[in-house]
Amino acid sequence: MLFSMLGPLSVEVNGRECVVSAPRQRVVLALLLCNANRVVSIDRIAAAVWDGGPPPSAASTVRTYVMRLRQVLGREVGRRIRTQAPGYLIELGDDETDLGRLTAHRGRAAAFARSGELERASEEYAAALALWRGEPLVDIRSRTLSDVEGRYLHELRLQTLESRLDADLALRRHTEILPELWREVRENPLREALVSRLMLALFRAGRQSEALAQFQLTRTALIDQLGAEPGSELREMQRRILAADDRPPGPIPGAAGERERPPSSGRRWPRPAQLPARIPVLVGRSAERAELVRLPTADEGAEGAAAVTVVTGAGGTGKTALALHAAHAVREHFGHGQLYADLGGRERPLPPVEVLRRFLVDLGVPEDEVPTTESQATLLYRSLTADRRILVGLDDAAAPRRSARWSPAARAAGSW
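According to full-length UniProt numbering, the sequence shown is numbered sequentially starting from 1.
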């Protein structure tokens, strides 16, 4: 069997396509696949199915959708969807999803790069990119799913592409990759990492004036759209081109010795916006909502520890809907953005280091610079958030009061 989500959702069983046509069943399946082998709470499923505004009967309706989904998938595949408090999970091997195969290709590519086998590294990254069949989740009717999982998959593709481009540049294939670079920069004009690689390829191809012109175009776009100057990587590339230095801006990702390289300083950090879609109506929770809205903003000028708000209750009672509604109401108070993660509950809790690593990448740390241990990742996370106003949303926490490790370091921040 093969579940594919790096493009339109598809299911293949014994060489034949299994069609899941009901829109809400497709939302449930897509969410489970994006979190394969991890429990997804009923609250989170309901938030995705109804885009943050589930009805009072959401819990029982979700159970009905799962039952019907199992029937559509058939006995062999349907039994892979297991009921496990506080929700459901789908059990799959790495080779049974295109996302799992992508992860395997990326792992092999990084290993080849570390050992200096750049040709094979490029081939593995190319094989990973070939798994994309279009825009992920484009045929899934859920803004919530697109906002969270869709952005994650989009970022994963770009990081894989940039790693392959680095290997190709190290192999002096600048002429061959120029057409692809032009297309990618047109589609992602503010992606400075891509612009930097385009500038290097142009310079190596003897087109210095075009490389410098691209820097000016990108700088103008950044100022006009974000009110910010280019980051250190792009400025360094401009300096090197002016100095006729055509070396890459840094080691090839995964190359030997790269793990010891400290995180780059002076880069311009992004502003993540990861809250799931706004909830249109919240019924019967006005008092709780008012309190949630008040707490994170009550002492905005104070210094010290970040504010932590915990929302608890039985499954299916609307905890996620309430928290999201309040989060959208206060998000403008957090000028450096919002982070969001589903922690998986008590049965299949997401390892803390995995959450921290994802947050660090979302905050702009290159994937190859993220620490591998929880203690190191925690220290870097605290350093990055020390002077920033960030709202952190943690859904389905097994031990809510232990979630302080993910709280931003500054008092002018908050989490729920």
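Cβ atoms here follow ideal geometry from the backbone N, Cα and C, with glycine treated the same way.
**Prompt:** When the Cβ atoms of the stretch 156-174 are set against those of the stretch 115-122, are three or more pairs found closer than 8 Å?
**Reply:** yes
Item to complete: Please specify which runs of the alpha helix (DSSP H), each continuous and at least 4 residues long, are wholly inside the stretch 184-215, giving them in chain order.
Response: 192-204
Query raised in the report: Which word fits E162, buried or exposed, when buried means at least 16 other C-beta atoms lie within 10 angstroms of its C-beta?
Result: buried
* Going straight from the alpha carbon of V19 to that of R75, what length do you get? -> 15 Å
*asked:* Using a 10 Å radius around the Cβ and a threshold of 16 neighbouring Cβ atoms, would you call T64 buried or exposed?
replied: exposed
Pairwise C-alpha distance: R389 and V13: 48 Å
task: Report buried or exposed for G254, applying the criterion of at least 16 other Cβ atoms within 10 angstroms of its Cβ.
output: Residue placement at G254 cannot be trusted, given a pLDDT of 48 that sits under 50; what the coordinates show is reported in the next sentence. With 16 or more Cβ atoms within 10 Å of its Cβ, G254 is classed as buried.
N-terminal and C-terminal residue of the beta strand (DSSP E) that G74 is part of: It is not in any beta strand (DSSP E) - G74 instead sits in the alpha helix (DSSP H) that spans A58 to G78.
query: Is there contact between the stretch 341-357 and the stretch 66-73, where contact requires at least three CB pairs shorter than 8 Å?
result: no
Next item on the list: Note down, in chain order, each residue of its chain lying with its Cβ closer than 8 Å to the Cβ of L129, except the 5 sequence neighbours on either side.
Entry: R157, T160, L161 and R164
**Report entry** Endpoints, the beta strand (DSSP E) within which D395 is located
**Finding:** L391 to D395
Checking the sheet assignment: what are the DSSP bridge partners for G87? S41 and Q84
Q) CB-CB under 6 Å to D342, same chain, minus the five flanking residues each way: which ones, in chain order? A) R44, D395 and D396
| message | Taking contact to mean 3 or more Cβ pairs, one atom from each stretch, closer than 8 Å, check whether the stretch 187-206 and the stretch 218-227 are in contact. | response | yes
Notebook entry, point to check: Terminal residues of the continuous alpha helix (DSSP H) containing A128?
Noted result: L118 to L129
Original post:
Just checking my contact of residue 452 with A277 at CB under 8 Å: how many whole Å lie between their CB atoms?
Top reply: Residue 452 lies beyond the residue range present for the chain, which begins at 1 and ends at 416; the question has no answer from this structure.
Could you tell me if E17 is buried or exposed, where buried requires 16 or more neighbouring beta carbons within 10 angstroms of its beta carbon? exposed
Margin query: Which complete alpha helix (DSSP H) runs does the stretch 319-387 hold, if anything under 4 residues is left out?
Written below: 319-330, 352-362 and 374-385
Notebook entry, point to check: Would the C-beta of L161 count as close to the ligand FAD, meaning under 8 Å from any of its heavy atoms?
Noted result: With respect to small molecules bound, the structure shown includes none, and the ligand FAD cannot be examined in it.
### Query
Does DSSP classify V20 as helix, strand or coil?
coil
Worksheet item: Can the beta-carbon of I241 be found closer than 9 Å to that of A221?
Response: no
Specify whether the stretch 364-381 and the stretch 20-33 touch according to this definition: at least 3 beta carbon pairs, one from each stretch, less than 8 Å apart.
no
- Message: Taking 8 Å as the cut-off, does the stretch 32-39 touch the stretch 79-96 (at least 3 CB pairs, one atom from each stretch)?
- Response: yes
Could you say which of L200, R197, E367 and A47 lies nearest to residue 442 if we only look at CA atoms? Since the displayed the chain opens at 1 and closes at 416, residue 442 lies outside it and no answer follows.
> How is L29 classed by DSSP in three states: helix, strand or coil?
Replying inline: helix
Item to check | DSSP state of A243 mapped onto helix, strand, coil | outcome: coil
Per DSSP, cross-strand counterpart(s) of A273
Q338
Enumerate in chain order the residues of its own chain whose CB-to-CB distance from A167 is below 7 Å, with the five nearest sequence positions on each side excluded.
A113, L118, A121, S122, Y125 and I252
- Query: If you follow the alpha helix (DSSP H) that S163 is part of, which residue opens it and which one closes it?
  - Reply: R151 to A170
- What residue does the alpha helix (DSSP H) around L99 start on, and which one ends it? D98 to R114
With distances taken from CA atoms, which of S10, L145 and P270 is nearest L360? P270
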